[in-house]
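Q: Got a structure for you, written out below as structure tokens; questions coming shortly.
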């Protein structure tokens, strides 16, 4: 079974996580059966490892991690692959693939441009 | 004249800024005459203050700042309003309005969900 982890940075204020809940809800509205969890680098739970462990416990054997970041900095390019490698050592049957950051998607960029122009009136 | 500042976090690796260039290009493709600049909190130039000063030098008197962040953490809720207030003291004729973070836009959330489902195959 395939699952999705939405990898986020995490922040101190609790409302910061709201857009992540909305993204997850938008995914589940379209594909209710897909196992999809948020996993954070720091300051918020579940951690990335906890999210993966939770999916594995639900029978997931293949995970696509999508960095919910504007762009790929060191958290996405270095921290995330290291964490994924460590987790795959603990779960030898598990495959983890890392997608490009959401901010690199042309459709997301287009939607951001539309929003920005609307906000600028 | 009204201008736009795309407020980003900044990062150590130079390629991180690519999506910001693409967002700016997408805006200019639609509205070539709008003054739009990127301004970063840290690690990258121009800084937020430099971006604003550049727009003011071009005759902009009204700026909408759009945080190119997934969600509003302390950088957006605390650092940005403080910087904007300091800059408005230096430029008494300038009005700065701060929009919601791009990641809070329903259309952006929808585009992210679409991208994530595509990436998960």
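Residue numbers (the numbering used here), protein chains in the order written: chain W, 50 to 170; chain C, 50 to 170. Ideal placement from N, C-alpha and C gives every residue a C-beta, glycine not left out.
1. Taking 9 Å as the threshold (C-beta atoms), are residue 142/C and residue 164/W in contact?
2. By a C-beta neighbour count over all protein chains shown, 10 Å radius and 16 as the cutoff for buried, is residue 154/C buried or exposed?
3. Run through the region 110 to 156 of chain W for me and flag every whole alpha helix (DSSP H) of 4 or more residues, listed as ranges in chain order.
4. For residue 117/W, I'd like the list of residues in its chain whose CB is within less than 6 Å of its CB, leaving aside the five on either flank, ordered along the chain.
5. How long is the line joining the alpha carbons of residue 123/C and residue 83/W, rounded to whole angstroms?
6. At what residues does the beta strand (DSSP E) containing residue 103/W begin and finish?
7. Bridge partners for residue 170/W per DSSP, in chain order?
8. Can you give me the start and stop residues for the alpha helix (DSSP H) that residue 67/C sits inside?
9. Going by C-alpha distance, which of 85/W, 90/W, 129/W is nearest residue 111/W?
10. Just to confirm my understanding: we take residue 73/C, look at its own chain, exclude 5 residues before and 5 after, and list those with CB closer than 6 Å. What are they?
11. Use the C-beta contact count for residue 81/W: other C-beta atoms within 10 angstroms, 16 or more gives buried, fewer gives exposed.
12. Tell me which same chain residues have a C-beta within less than 8 Å of the C-beta of residue 132/W, skipping the five on either side of it?
13. Helix, strand or coil: which one does DSSP assign to residue 86/W?
14. Using a Cβ cut-off of 8 Å, pull out every chain C residue sitting near residue 103/W, in sequence order please.
15. Can you find a C-beta in chain W that's less than 9 Å from the C-beta of residue 89/C?
16. Note down, in chain order, every chain C residue with its Cβ under 8 Å from the Cβ of residue 163/W.
17. Keeping to the same chain, check which residues put their C-beta closer than 7 Å to that of residue 92/C; ignore five residues upstream and five downstream.
18. Between which two residues does the beta strand (DSSP E) containing residue 52/W stretch?
19. Taking only beta-carbon atoms, is residue 144/W less than 9 Å away from chain C?
20. If you draw a straight line from the C-alpha of residue 106/W to the C-alpha of residue 130/C, how long is it?
21. One question on the structure: do residue 101/C and residue 140/C come within less than 9 Å of each other, judged by their Cβ atoms?
22. Report the option in 119/W, 68/W, 126/W whose CA atom is closest to the CA atom of residue 238/C.
A: Based on what the coordinates show:
1. The residue you call residue 164/W lines up with position 115 of the first chain. The residue you call residue 142/C lines up with position 93 of the second chain. No, they are not a contact pair.
2. In the second chain, the residue the question calls residue 154/C occupies position 105. It counts as buried.
3. 129 to 139
4. Taking the first residue of the first chain as 1, we reach residue 117/W at position 68. Cβ within range, chain order: 55, 57, 151.
5. In the second chain, residue 123/C corresponds to position 74, counting from 1. In the first chain, residue 83/W corresponds to position 34, counting from 1. Each residue's alpha carbon lies about 32 Å from the other.
6. For the purposes of this step, residue 103/W is identified with residue 54 of the first chain, where counting begins at 1. Counting along the chain, residue 103/W falls outside any beta strand (DSSP E), though it belongs to the alpha helix (DSSP H) covering 97 to 106.
7. As a working note, residue 170/W is residue 121 in the first chain. DSSP, once it has assigned bridges, lists no residue as partnering residue 170/W.
8. Here residue 67/C is taken as the residue at index 18 of the second chain, counted from 1. Residues 67 to 79.
9. For the purposes of this step, residue 111/W is taken as residue 62 along the first chain, with counting starting at 1. With distances taken between Cα atoms, residue 111/W lies closest to 85/W.
10. The residue you call residue 73/C lines up with position 24 of the second chain. For residue 73/C, where only same-chain residues beyond five positions count, the Cβ hits under 6 Å are 85.
11. As a first step, residue 81/W must be located in the first chain, where it is residue number 32. When all chains shown are included, residue 81/W counts as exposed.
12. Along the first chain, read from residue 1 onward, the residue named residue 132/W stands at position 83. Excluding positions up to five away in sequence, the list reads 97, 98.
13. Locating residue 86/W in the first chain gives position 37, where the first residue counts as 1. Reduced to three states, the DSSP call for residue 86/W is strand.
14. Taking the first chain and counting its residues from 1, one reaches residue 103/W at position 54. Within chain C, no residue comes near residue 103/W; the closest Cβ sits about 17 Å away, beyond 8 Å.
15. Within the second chain, residue 89/C is the residue found at index 40, counting from 1. Output row for residue 89/C: interface = no.
16. The residue you call residue 163/W lines up with position 114 of the first chain. In chain order: 156.
17. Counted from its first residue, the second chain places residue 92/C at position 43. Closer than 7 Å at Cβ, skipping near neighbours: 59, 60, 61.
18. Here residue 52/W refers to the residue found at position 3 when the first chain is read from its first residue. Taken as a continuous stretch (DSSP letters only), the beta strand (DSSP E) holding residue 52/W covers 51 to 57.
19. Counting from 1 along the first chain, the entry for residue 144/W is found at position 95. With 9 Å as the cut-off, residue 144/W does not count as an interface residue toward chain C.
20. By one-based count along the first chain, residue 106/W stands at place 57. By one-based count along the second chain, residue 130/C stands at place 81. The alpha-carbon atoms of residue 106/W and residue 130/C are separated by roughly 44 Å.
21. Within the second chain, numbered from 1, the residue matching residue 101/C stands at position 52. Within the second chain, numbered from 1, the residue matching residue 140/C stands at position 91. Closer than 9 Å, so yes.
22. Lying before the first or after the last residue shown, residue 238/C is absent from chain C, which here runs from 50 to 170.
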